[in-house]
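Be aware that the sequence shown starts at 2, since it is given in my numbering, and climbs by one per residue. What follows is a set of notes on a single structure, which appears directly below.
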Amino acid sequence: MKKLIFTIALFVASFISKATDTERFMQAMGQTLMELGQAKDVASLQEVANKFERIANSETSEWLPNYYAGLCYNIMAQKQKEGAEIDKYLDKSDSFIEKLSKQNVTSPDEVEVIKAQNYMMRISVDGPARWMKYGSAFEGAIAKAKGINPENPRAYALKAQMVYYTPEQFGGGPEKACPEVQEAIAKFTNFKPASPIAPSWGAEQMKGLTCK
C-alpha cells in the first residue's frame, strides 16, 4: 500500500510540475509578447528578440519562441533603409525559420507566412533585380500557407500588400489589389487565434491600404 501511495504521489507531483512549467512558459511568453507590442525601435526589438531566443533555448519543444524571434528580426529589417542592413536582419530571421524546420510546429502555415514576409522584404530592396529570385518563392509560400490553413488572414494580407505596392506596369497597384485587400479584411474579421500566445498580428497593416 505504501508503495502504491508513493507511486501515486510521484505521478501527482509530476503532473503538478508539468502544469507549473506550462504556466511559467505562458507567463514568460505573454510578458514578452506585451513587450513586443510596445517595442518601437531596433534596440528594444533586439531586447525582445533576445528574450524569445532565451525562452526557445529553455523550452526546446516549443516552436512559438523561435517563431516570434524570427518575426522580431523581420520587423527590425522593416526599419532599415540600406539594403545591406535589411538583408542582415532578414538573414537572422531566416536562421530562426531554419530552427522551426526541425521542430514539431502545430501551425506550419504561420511559418510559411514568415517565409513569405521575408521574401517580400528581400524584393523590396531591389524589385527589378530580385523578383526573379524571390517572387516565385513568395508566391509558393503564400500558396502553401493558404493550402494548410485557408482561414489564415496573414497569408491574404501579405498577398494584398505585395499586389498593392507592385507598380501598375507590372500588374499591381491599389486598384488591382482591391479584391485581395477586401478578402484579407474579411479573414481578419472572422479570425480567432488558437491560444492567447498564438500569432494574431497583421490586421493593423491592412488599415494603410486604401481600396476604392
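A virtual CB, placed ideally from N, CA and C, is assigned to each residue, including glycine.
Quick check on residue i: buried or exposed, where buried means 16 or more other Cβ atoms within 10 Å of its Cβ?
i, result
"residue 122", "buried"
"residue 33", "buried"
"residue 155", "buried"
"residue 163", "buried"
"residue 22", "exposed"
"residue 139", "buried"
"residue 191", "exposed"
"residue 52", "buried"
"residue 35", "exposed"
For residue i, which of helix, strand or coil comes out of DSSP?
i, result
"residue 210", "coil"
"residue 137", "helix"
"residue 152", "coil"
"residue 195", "coil"
"residue 95", "helix"
"residue 203", "coil"
"residue 167", "coil"
"residue 83", "coil"
"residue 24", "helix"
"residue 219", "The structure shown has nothing for residue 219, since the chain only spans 2 to 213."
"residue 173", "coil"
"residue 88", "helix"
"residue 40", "coil"
"residue 15", "Reliability of the predicted coordinates at residue 15 is poor, the pLDDT of 47 falling under 50, and the value obtained from them is presented with this limitation in mind. Three-state result, residue 15: helix."
Where do the ends of the alpha helix (DSSP H) carrying residue i lie?
i, result
"residue 51", "43-59"
"residue 106", "It is not in any alpha helix (DSSP H) - residue 106 carries neither H nor E in the DSSP assignment."
Pull up the CB-CB distance for residue i and residue j, whole angstroms please, since I reckon it's below 8 Å.
i, j, result
"residue 204", "residue 189", "4 Å"
"residue 90", "residue 68", "Between residue 68 and residue 90 the Cβ distance is about 16 Å, and since that is not below 8 Å, they are no contact."
"residue 63", "residue 26", "7 Å"
"residue 159", "residue 143", "6 Å"
"residue 112", "residue 98", "7 Å"
"residue 70", "residue 54", "5 Å"
"residue 153", "residue 106", "Residue 153 to residue 106, Cβ: 13 Å. No contact."
"residue 165", "residue 175", "6 Å"
"residue 110", "residue 146", "4 Å"
*asked:* Would you call the region 133-141 in contact with the region 177-186, where contact means no fewer than 3 C-beta pairs closer than 8 Å?
replied: With contact defined as three or more Cβ pairs closer than 8 Å, the region 133-141 and the region 177-186 are not in contact.
_the region 33-46 contacting the region 76-87, beta-carbon criterion three pairs below 8 Å_ = By the Cβ test, the region 33-46 is in contact with the region 76-87, since at least three Cβ pairs between them sit closer than 8 Å.
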